Every structure is written in structure tokens, then in C-alpha cells.
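Protein chains: 6
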Amino acid sequence: MWVYEKKLLYPVEVKECNPKLARYIAEQYGGADGELAAALRYMNQRYTVPDKVIGVLNDIATEEFSHLEMLATMIYKLTKDATPEQLEEAGLGAHYVNHGHALFYENAAGVPFTTTYFQAKGDPIADLYEDIAAEEKARATYQWIIDISDDAWINDSLKFLRERENVHSLRFREAVEVLKEERDRKKIF
Amino acid sequence: MWVYEKKLLYPVEVKECNPKLARYIAEQYGGADGELAAALRYMNQRYTVPDKVIGVLNDIATEEFSHLEMLATMIYKLTKDATPEQLEEAGLGAHYVNHGHALFYENAAGVPFTTTYFQAKGDPIADLYEDIAAEEKARATYQWIIDISDDAWINDSLKFLRERENVHSLRFREAVEVLKEERDRKKIF
Amino acid sequence: MWVYEKKLLYPVEVKECNPKLARYIAEQYGGADGELAAALRYMNQRYTVPDKVIGVLNDIATEEFSHLEMLATMIYKLTKDATPEQLEEAGLGAHYVNHGHALFYENAAGVPFTTTYFQAKGDPIADLYEDIAAEEKARATYQWIIDISDDAWINDSLKFLRERENVHSLRFREAVEVLKEERDRKKIF
Amino acid sequence: MWVYEKKLLYPVEVKECNPKLARYIAEQYGGADGELAAALRYMNQRYTVPDKVIGVLNDIATEEFSHLEMLATMIYKLTKDATPEQLEEAGLGAHYVNHGHALFYENAAGVPFTTTYFQAKGDPIADLYEDIAAEEKARATYQWIIDISDDAWINDSLKFLRERENVHSLRFREAVEVLKEERDRKKIF
Amino acid sequence: MWVYEKKLLYPVEVKECNPKLARYIAEQYGGADGELAAALRYMNQRYTVPDKVIGVLNDIATEEFSHLEMLATMIYKLTKDATPEQLEEAGLGAHYVNHGHALFYENAAGVPFTTTYFQAKGDPIADLYEDIAAEEKARATYQWIIDISDDAWINDSLKFLRERENVHSLRFREAVEVLKEERDRKKIF
Amino acid sequence: MWVYEKKLLYPVEVKECNPKLARYIAEQYGGADGELAAALRYMNQRYTVPDKVIGVLNDIATEEFSHLEMLATMIYKLTKDATPEQLEEAGLGAHYVNHGHALFYENAAGVPFTTTYFQAKGDPIADLYEDIAAEEKARATYQWIIDISDDAWINDSLKFLRERENVHSLRFREAVEVLKEERDRKKIF
Numbered sequence: 012m013w014v015y016e017k018k019l020l021y022p023v024e025v026k027e028c029n030p031k032l033a034r035y036i037a038e039q040y041g042g043a044d045g046e047l048a049a050a051l052r053y054m055n056q057r058y059t060v061p062d063k064v065i066g067v068l069n070d071i072a073t074e075e076f077s078h079l080e081m082l083a084t085m086i087y088k089l090t091k092d093a094t095p096e097q098l099e100e101a102g103l104g105a106h107y108v109n110h111g112h113a114l115f116y117e118n119a120a121g122v123p124f125t126t127t128y129f130q131a132k133g134d135p136i137a138d139l140y141e142d143i144a145a146e147e148k149a150r151a152t153y154q155w156i157i158d159i160s161d162d163a164w165i166n167d168s169l170k171f172l173r174e175r176e177n178v179h180s181l182r183f184r185e186a187v188e189v190l191k192e193e194r195d196r197k198k199i200f
Numbered sequence: 012m013w014v015y016e017k018k019l020l021y022p023v024e025v026k027e028c029n030p031k032l033a034r035y036i037a038e039q040y041g042g043a044d045g046e047l048a049a050a051l052r053y054m055n056q057r058y059t060v061p062d063k064v065i066g067v068l069n070d071i072a073t074e075e076f077s078h079l080e081m082l083a084t085m086i087y088k089l090t091k092d093a094t095p096e097q098l099e100e101a102g103l104g105a106h107y108v109n110h111g112h113a114l115f116y117e118n119a120a121g122v123p124f125t126t127t128y129f130q131a132k133g134d135p136i137a138d139l140y141e142d143i144a145a146e147e148k149a150r151a152t153y154q155w156i157i158d159i160s161d162d163a164w165i166n167d168s169l170k171f172l173r174e175r176e177n178v179h180s181l182r183f184r185e186a187v188e189v190l191k192e193e194r195d196r197k198k199i200f
Numbered sequence: 012m013w014v015y016e017k018k019l020l021y022p023v024e025v026k027e028c029n030p031k032l033a034r035y036i037a038e039q040y041g042g043a044d045g046e047l048a049a050a051l052r053y054m055n056q057r058y059t060v061p062d063k064v065i066g067v068l069n070d071i072a073t074e075e076f077s078h079l080e081m082l083a084t085m086i087y088k089l090t091k092d093a094t095p096e097q098l099e100e101a102g103l104g105a106h107y108v109n110h111g112h113a114l115f116y117e118n119a120a121g122v123p124f125t126t127t128y129f130q131a132k133g134d135p136i137a138d139l140y141e142d143i144a145a146e147e148k149a150r151a152t153y154q155w156i157i158d159i160s161d162d163a164w165i166n167d168s169l170k171f172l173r174e175r176e177n178v179h180s181l182r183f184r185e186a187v188e189v190l191k192e193e194r195d196r197k198k199i200f
Numbered sequence: 012m013w014v015y016e017k018k019l020l021y022p023v024e025v026k027e028c029n030p031k032l033a034r035y036i037a038e039q040y041g042g043a044d045g046e047l048a049a050a051l052r053y054m055n056q057r058y059t060v061p062d063k064v065i066g067v068l069n070d071i072a073t074e075e076f077s078h079l080e081m082l083a084t085m086i087y088k089l090t091k092d093a094t095p096e097q098l099e100e101a102g103l104g105a106h107y108v109n110h111g112h113a114l115f116y117e118n119a120a121g122v123p124f125t126t127t128y129f130q131a132k133g134d135p136i137a138d139l140y141e142d143i144a145a146e147e148k149a150r151a152t153y154q155w156i157i158d159i160s161d162d163a164w165i166n167d168s169l170k171f172l173r174e175r176e177n178v179h180s181l182r183f184r185e186a187v188e189v190l191k192e193e194r195d196r197k198k199i200f
Numbered sequence: 012m013w014v015y016e017k018k019l020l021y022p023v024e025v026k027e028c029n030p031k032l033a034r035y036i037a038e039q040y041g042g043a044d045g046e047l048a049a050a051l052r053y054m055n056q057r058y059t060v061p062d063k064v065i066g067v068l069n070d071i072a073t074e075e076f077s078h079l080e081m082l083a084t085m086i087y088k089l090t091k092d093a094t095p096e097q098l099e100e101a102g103l104g105a106h107y108v109n110h111g112h113a114l115f116y117e118n119a120a121g122v123p124f125t126t127t128y129f130q131a132k133g134d135p136i137a138d139l140y141e142d143i144a145a146e147e148k149a150r151a152t153y154q155w156i157i158d159i160s161d162d163a164w165i166n167d168s169l170k171f172l173r174e175r176e177n178v179h180s181l182r183f184r185e186a187v188e189v190l191k192e193e194r195d196r197k198k199i200f
Numbered sequence: 012m013w014v015y016e017k018k019l020l021y022p023v024e025v026k027e028c029n030p031k032l033a034r035y036i037a038e039q040y041g042g043a044d045g046e047l048a049a050a051l052r053y054m055n056q057r058y059t060v061p062d063k064v065i066g067v068l069n070d071i072a073t074e075e076f077s078h079l080e081m082l083a084t085m086i087y088k089l090t091k092d093a094t095p096e097q098l099e100e101a102g103l104g105a106h107y108v109n110h111g112h113a114l115f116y117e118n119a120a121g122v123p124f125t126t127t128y129f130q131a132k133g134d135p136i137a138d139l140y141e142d143i144a145a146e147e148k149a150r151a152t153y154q155w156i157i158d159i160s161d162d163a164w165i166n167d168s169l170k171f172l173r174e175r176e177n178v179h180s181l182r183f184r185e186a187v188e189v190l191k192e193e194r195d196r197k198k199i200f
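Chains as they are written, first to last, in our numbering: chain R, 12 to 200; chain D, 12 to 200; chain W, 12 to 200; chain G, 12 to 200; chain H, 12 to 200; chain S, 12 to 200.
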């Protein structure tokens, strides 16, 4: 079970209304390689991976939910004071007529989130490569958002999140090597 | 942020392998009115509802994630010892060739989860009616699963979960009345 | 069965070409909480609701189809004289290369309509709360379109349609109370 | 606008509970080439086809809605007295836990309806070939259902509906020839 | 089996960076009536059509894959030198944060490709009308892209592709007549 | 461009009608980790990967298309002589009423194929990990099908295909190491 603590994992500073940037950040909120996809992927896989990997998946899943909350906070703060006209100029007119000022799990193009974006195969090696790929893809998305962003404060948070993906990728790569080694050892005897 | 505690919100007793029942429980794991839809819906709406409703949404969202974990535990335990042939007899042959023994966020017919199942409008009254409807629909789903289930132990957990939906529905109905009253009071002055 | 009458339920006045507004109105034509979703939802639910609610669902379903026709007429008239360049400026370039000047059941972001937007549970209370939520969400959508619209004539039609959603919401709320009362009466005896 | 008349376009005789057949009929209720797809396709295309084809589209759209109602009546009557166990045996267990005894716009495999099944191009020749193809595909679907059905009474209704698709196909093929002739005549002068 | 030859079916000349046009061409790369849909449709249908039509489907499927490659080449060349800002101005900001400079099978609005766009019925007449419609719809899409394009060199390639669709449509219309004739001959004897 | 050669890459022996097995093989024809997903993924990524990886992607994409043809041949031969009743017993009743004896790009549960199953990030490392994961997932799927299959002849072909995924995975892992080495070398100077 989870317990909610009323604080963010890492502080989010939003200095000014910037709905255009909010739209791009939505890619990591409800897009193919975003934090929602990551959190749900690991939370679901943990039932059928080998015991020694369960902890890694559990930790990272919980962390990704907290990342998701950071992104939601950014999006909310970047858009809350925007007028409908400002949302429209930022390419969020279609979002506004559907959701008003609310957030939604959709990518930057407005395509709703689907779990077809990720996978669980019940094969530990396949699942861990899926997870490494997920982290590398998330890292790339953060990079593309940073590239297109003009807000230094938000970029600071995004760089923190991008760096976490690198750490996770490394942990999954270590895990896959441990499992392979074990598998090979079994084959020998 | 969330903190994980290594225990279930409410104990889940699985006495025997029963993949057919697992398939039906998947409706609440990855289906239209399941716990995943509920948790994500409230977690997302909480940014734009009036302050006095944020706490309710936050509490229920966190609880629904813990319900989701209970369902995952049930599905896992009901299927982990099943042979491919037993999964096939239970109507899970298609699931097996795609996911092996892993779980996945899809409904009982194997349709992947999508966030088009729910909504956030940025209008407090509309969002709360969406939430009441969500709880009533979840209650109905639990009822249909209990109807078709032949496992008394699992039914005990499902009845607990169904009852929680009733409680949530009541809380949302109270919240909507509070907001309406407030809205009407504002109109008068 | 239905019979077509060659007139609109309520007149639609379009004074000038305005493809940008047409794009937003599409949210109610083919979006999550639009008239198509509403009409199909009630038309489908009516088979399994209690007898005394069938008439309400039938009437409102039929009315929503006529609302859908009003929206189609608006969209058509607001776009028919637009050049490809004007459509492009209005954010309808992607629509144009796919559909030319034709209409399509997609939301303002161009996401195709799907029936995962709504539900039928075969439980009368759940279905009616689904319907109340639907009307409140449609009301909100009309509000957001009116907010972003700059066309007083179209807004007049949109306000008429928004008002109808309020009336429907009220009728569904009355129906749910009648059913609850009846259910409670049964429990007593 | 449409007016509802409380009768079926063509009588539907259901002699006995047969949920398995209901499941197959759902293919024409909420499937890719079913009556819902047909009705919505023509209703939407009629705004941008040449004047002389509007009437055909309008008539057929209205008729398809009445066909849809016939199918709904069949599905309802074939399933209303089935127990959850009987639904399960008929392959409708997944449907039951999601929708109870309610109907839903999904195909025989339980995949929800989407408007990506059809198209409107704003090009009269392309749209009419789309419509001919639609009718031929619907005819084929009826044939496959009749092949697999063991209910002579239902087959009578299905054959009536299949025959109507042939008539519609013919009307669309005539319309496309008229338009081509006109187009060629214009090219000459 | 297929063998790759390292050349394009027809040369593609790209004179300058033009991401906006690339976005529209994406409609034929990953949209409802594009070359991917066409190639997959015919490649899949060829197993169950009458022998004398297999060759046509096979030839056209292979050709459409080569058309797809032409489109990919255009999109790549039109965007490869664009900065993130230029992509953003062209309406490709959402694409950039998801895919960087990579291509993807989605339509001009960013909606991912799905095989619900096409069909295979296992009925030769229905399948061939589906194919004629496909070609006519593809022809229309090319026309809409040419209308909105301002690049004479690209338009030359697009006109070549549009013309091929006409040729394919004719071949499918001939094939359907051959099959109908045969069917009628069988009915007589 | 591609040239079709009228032979299979590797012979496919089908000894008897076995529609149930055909249904499972469909997972690799139109499912999340199947040959279609693989072929399209590599064919699309090759435009933006570093030059030295283009050849690998091109070769494997072309090979996967030929694998797809092998699977289509299996599915066709395993079902072509099945009666509607036999298809129904094999869980293909829903497929039959939609597609008759035709094949379709859908998974074993009947869910249509979508390109949301895969990704292209325009970041070489991320794309190659996506590809390694793809091959490992495909390998797992072949394993699950072999586990559930009772046909030794088909299993021979499936084992050949599974082995090819291992080879591809290895090639992608080598490619990722080459790129990382190069990246690190650049960082040093």
C-alpha cells in the first residue's frame, strides 16, 4: 500500500505563466514514454520478476509516481492563470474546450494515454530490456523538452528528472546482467 | 509524494488456483471502471477542484492505488500456478501468448486500458458527478464479478472493495452538495 | 424507428466564415462529452433500465441526435467557404489533408471518436449517474466553447444547447431519486 | 431533425434465449462494418456531397439507425433471461462483468467502436466508393453471422437486413455513375 | 519474401527545409488512407482472394511499400535541418518532444496509425470494393496535400503518386467486374 | 524499394487444420511484439539513426517482413479448411463474423494493431534499446506460443523464428555498444 506525504519529492519553481511549455511537459505526463507509463509499467511487472528484482521495480515505480506529481504541479502552475486566449495561442485551445483548466493524461498532441505504450511479458530478461528502453526513451523526451523550452527554472527541474532516468537505466542494466549471469550459471550445472 | 509500505490495505486470501476468476477480476484492474481508472482520475482532478475537495480526492486516489494492489495480488495468486493449458481453459490463452504469467492493465476481454474511460473538465460540479458515476459503476462491476464468481474467499475481499465504493460515492455526493450550496449562496449576494 | 424531418430543432444562424470556431465546436460533435456520445449512450442504455425511465432516455437520445445535426450545420456553414489557407490558419490544416471540407467525428484536437468515452453498466443507479455526469460534462464543454468564441450569433445557439443539458441533468437527477426511493421501499418490506 | 416512432422498421422474432448468437450479432451493432458505422458515416458525409446525392445519404442513414434498433432488440431479447453462467458459456463472461445485461457498442470480440472504421474525404467519388464498400462489407458480415447462426427466426431478420445492404450498394453504385458522367461532361466543355 | 534494392521507385527532389509540408505529407505516411494502410491491406487480403486477383494485390502491395519509402524520404529531407523552433512554428512541436527528428506512423494531427482504418472480409467483392475505395481516398488525400502545398518540386512527386492511385483504382475496378461476371456465370449453370 | 520474390524465406509445413493454433500465432502477426511491429519499427527508425546502423535496421526490417509472410502462410493454411463451427470452437467465432476466412492484423484476443506498440525517439541509444527490447519481447512471445502449441511441425518454424530474434537482439546489442563507445570517445576529446 501507499501513503501520501504532502510534499514534493523535489521542489518545483514556476516563475511565470507559460502554457506553451506546459503543453510540451504534458508529453511526460500522459505521453508514450512519460512518468505515468513508467510508474504503471514497473508497478505491474513486479509480480512476475525474480525476487531479487522486485525491490528495484517497487522503488522506481514509487519514485515515478512522485515524478508524475512534480510534472502535474508544473503543468498546473504554468497554466492556472492563463486566459482562454493565452491557452489558445499556446496551442491549447483544443485542450481548453475539452478540459477547461484541468490537466489530463494525454500527450503534447492531445492523444489520450493508453497502456499499449508499454508491456509486461512475464519473461525477466525481456521485461528488464523493456524497462531500460523505457528509461532511455524518457531521457530522450526530457532532452527534447529542454531543447524547446525557454524557461531556465523549469529546465532545472527537468534536468533533475532526466538525470534520474539515467540512474534508473543503469540500475536496470545492472539487474539484467545479474539475471543473465544467473541464467548462464544454471545452464552450466 | 507517495511512500510505499510493504503490506496490503486489507488482507487477500487466495486458497486455490482459479485463472477464470482472475480474468474477471482483471476488469477492475485494467477495465473501464476499475481501480486504475479511479486512482488516476482523482489524482489528476485534484489540481483544479476547489480547495475543500482536494483532500477527499487525494485520500480516495491513494486508497484506490492500494485497492489496485489488492487486485493485482489476487490476480497473481489465482494464476501463478496455472499451466498454459489451464490458462487456456480459463479463456486466458490469448493473454498467455502475449504476457506469459505477467499481469496487464486490460479488461476481461483483453482490451488495453485507455484514459478515454474517464474525464476531467475543470468544472467542479461536472468533475464530482463524474466521480460519483465512477464509484457507482465500480460498485456495479464488483457486483457482476461476485455474481459470476464461485470463490467465497475472494468474494469476501471483493465485497470489502464494493463497500468502499459505496462509501466513496457518498463522500462525493456530500461534496457536490456542499459545492452547490456554496455556488447558490454566491448567486444570492 | 426514426423518421427524418427536413428542419432543424432550433435555428442556426451563421453570419460569416469562422473555421477556428468550427474546430472548437467539433469538440461537441465528435468529442468525449459531445452530442454523439450522449445520443448513443442513452439510445443504448434504454434496453436495460427500468420501464419508467425508458421514455426519458428515448426522448433525450432523440433530442441529442437533433442537437448533433445543429452542430453539424454550424460546422459546415462556418467552414464551407474557407480556402485551404484559411483552414490552415485556423488549425484545421491536418483536418483538411485528411477530410477536405468534409466533417468528421473527432474532437477539437483531431482525435477520432470512440465509445470508450461512455458506459452502460446494466445497473440503473450507475447508469443514471453516468447520464447526470454526461450532461454536466457537456454543459461544461459548451461553457468552454462559449468562453473562447468571438461569435455572438453562434453563442446564442450554443447557449440554447447548454441550457438543454441543464434540463436533461435535472431530469436524470429526478429519475435517480425515483429509483432510489423505490429501491429503499423494496428493502423495507 | 428526427422523430421517434415507437415501432420497429421490420418485426424481430426471438423465440428463445441465445446469448452466443447475440454475441455474433453485436458485430453488426458495434463492429467495424455494422449499422452504427453505416448510419454515422452517411449522416456525416451528407454535408459535403453534391446536392443530388444528399437525399440518398439521408434516407439510408435514417434507415440504418432503424436497423441498429432492430439489432439492439434482437441482442436484448436473446440475452435478457440468461443467467451469468449462461452468458459465460456463450463467451459473454467478459461482457457481463463490464456491462451486466446491458448492451454496448463493441464488436463480437469485445473491442469498443471507433470512428476510425469509416471515413469522409470531402471528395464525392471517394465518399461514394467508401459507401459502396461499406454496404458490401456489411453484406458479408451478415452472411458470416447467418453461416454461424442456428436460429431460423433470427436468420430471417438477418436476411432481410443483408438484402437491404444489397439495395443500398446498388443505389450508391448508381450515384457514383451519375457523378462520374457529370464530371466527364464538364471536362468535355 | 522481399528483397530490398537501394534506390527509390521514383526520384524525390527536396530543395529546401519545409517542416510544415512534411507534417501534411505525414497524412499519407501514417494516416487513415495512406500508403502504409494500403500496403498492409493488400498484403493481408491476398491470402483469401480468388487466384486470379492475387497477383494484382501482390504487385500493388509491393509498389505501395515503395511509395511509403518515397514519402519517408520526403519527410526526412524536409525536416532534417529544421531547428526545434522551426519545427514548432510548423506545428511539429508536439512531434518533436515525442520523437525528436525521427519519423513516426501518425497522421498530420499526430494520431497514431491503427489497422482499424482498413478491412479484410474474406469476401472477394467486398474486399475489392474496399480496395477501390482505398485508392480513391488516397487520391483525394494527395489532392488535398497538393492544394495546401507551396512546393513545386514536392508537388511533382505527389502528382506522380496521385496518378498511381488512379491506375490502381482502375485495376481494382476491372478485377471486380471480372469476379462479378464469373459469379453471374456460375449462377446461370 | 522492395522487390517481391515468390518464395518463402524459410519453408512452412502445415500438416493439418488447426485454427486454435492459428489464433495464437496471430499474436505475432498483429500483436504488440509481433513481426509487423518489428518491421515497421526498423523501417521507420532507419532515417535518423547514425549511418553505421542504417544497414542493420534495413536488413532486419526486410527480414521481418519475410517473417510476417511466413506467419501469414501458417495462419492461412491452419484455417483455410475450417468450417465456421470449427473456427468457433477454436475461439475464432468473433473473428469469423468480422473477417470470414480472411486474416487480419490483430492480436490473439482480437485487438487491432496500433503503432502505439512501438516507438522512434530520434535518439540513437534510446532507439537501439527499444529495438533490443523488441527482439527480447518477440522471443518471449514465440516461447509462449510454442509452450501452448501441440503441433510439432509448426513448432519447428516457430523455433526458427525465435532463434532469429536472438540473433537480431545480439546485433542490436553490438550496435548499441559501438555507438556508446563512439559517444564516449567524443566526450574525451
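Glycine is no exception: its CB is placed at the ideal position from the N, C-alpha and C atoms. Predicted, not measured: the structure shown is a model, and the values here were computed from it.
Per DSSP, Tyr53(D) is one residue of the alpha helix (DSSP H) stretching across 46–56. Ranked by how close their Cα comes to the Cα of Ala37(W), the residues Glu75(W), Glu141(W), Ala120(W) have Ala120(W) in first place. Ala83(S) places its beta carbon less than 8 Å from that of Tyr58(H). Counting other Cβ atoms within 10 Å of its Cβ, Asp162(S) reaches 16 or more and is therefore classed as buried.
For the beta strand (DSSP E) assignment, the stretch 85–122 of chain S encloses no uninterrupted run of at least 3 residues.
Under the three-state reduction of DSSP output, Tyr21(W) falls in the coil class, being neither helix nor strand. Residue pairing of Val14(G) in beta bridges, as defined by DSSP: Val14(W). No Cβ of chain H is located within less than 8 Å of the beta carbon of Gly45(W). Under the Cβ distance rule, Ala186(G) does not count among the residues neighbouring chain H, no pair being separated by less than 8 Å. In the three-state DSSP reduction, Thr126(H) falls in the helix class (H, G or I). In this structure, the straight-line span from the alpha carbon of Phe171(W) to that of Leu114(W) is close to 22 Å.
Around Pro61(G), no beta-carbon contact reaches into chain W at under 7 Å, the shortest distance being about 13 Å.
Comparing C-alpha distances from Thr94(D) to each of Met85(D), Tyr107(D), Ile86(D) shows the shortest one belongs to Tyr107(D). A distance below 7 Å between beta-carbons, with the five flanking residues on each side excluded, links Leu89(S) to the following residues of its chain, in chain order: Val25, Cys28, Asn29, Pro30, Leu32, Ala33. The criterion of a C-beta distance shorter than 8 Å is satisfied by Tyr35(G) and Gly104(S). Annotated as distal: Gly41(H) and Phe129(H), with beta-carbon spacing of 8 Å or more. Proximity of the stretch 151–169 of chain G to the stretch 57–77 of chain G falls short of the contact definition, fewer than three beta-carbon pairs being nearer than 8 Å. By the Cβ rule, the stretch 171–191 of chain H does not count as touching the stretch 14–25 of chain S, because fewer than three pairs are nearer than 8 Å. In the displayed model, Asn177(S) falls within a helix according to three-state DSSP.
Beyond the five residues adjoining it in sequence on each side, Asp167(W) comes within less than 8 Å, by CB distance, of Glu24 in the same chain, given in chain order. Pro30(G) does not reach chain D, its nearest Cβ partner there being about 13 Å away, counting only Cβ pairs nearer than 9 Å. Within the stretch 77–93 of chain H, Ser77, Glu80, Ala83, Tyr87 place their CB atoms closer than 7 Å to a CB of chain S, listed in sequence order. Close to chain G, meaning a Cβ-Cβ distance shorter than 9 Å, are the following residues of the stretch 144–165 of chain H: Ala144, Ala145, Glu146, Glu147, Lys148, Ala149, Arg150, Ala151, Thr152, Gln154, Trp155. Contact annotation: Leu190(W) and Ile136(W) have beta-carbon atoms nearer than 8 Å. Around the beta-carbon of Ile199(H), fewer than 16 other beta-carbon atoms lie within 10 Å, marking it exposed.
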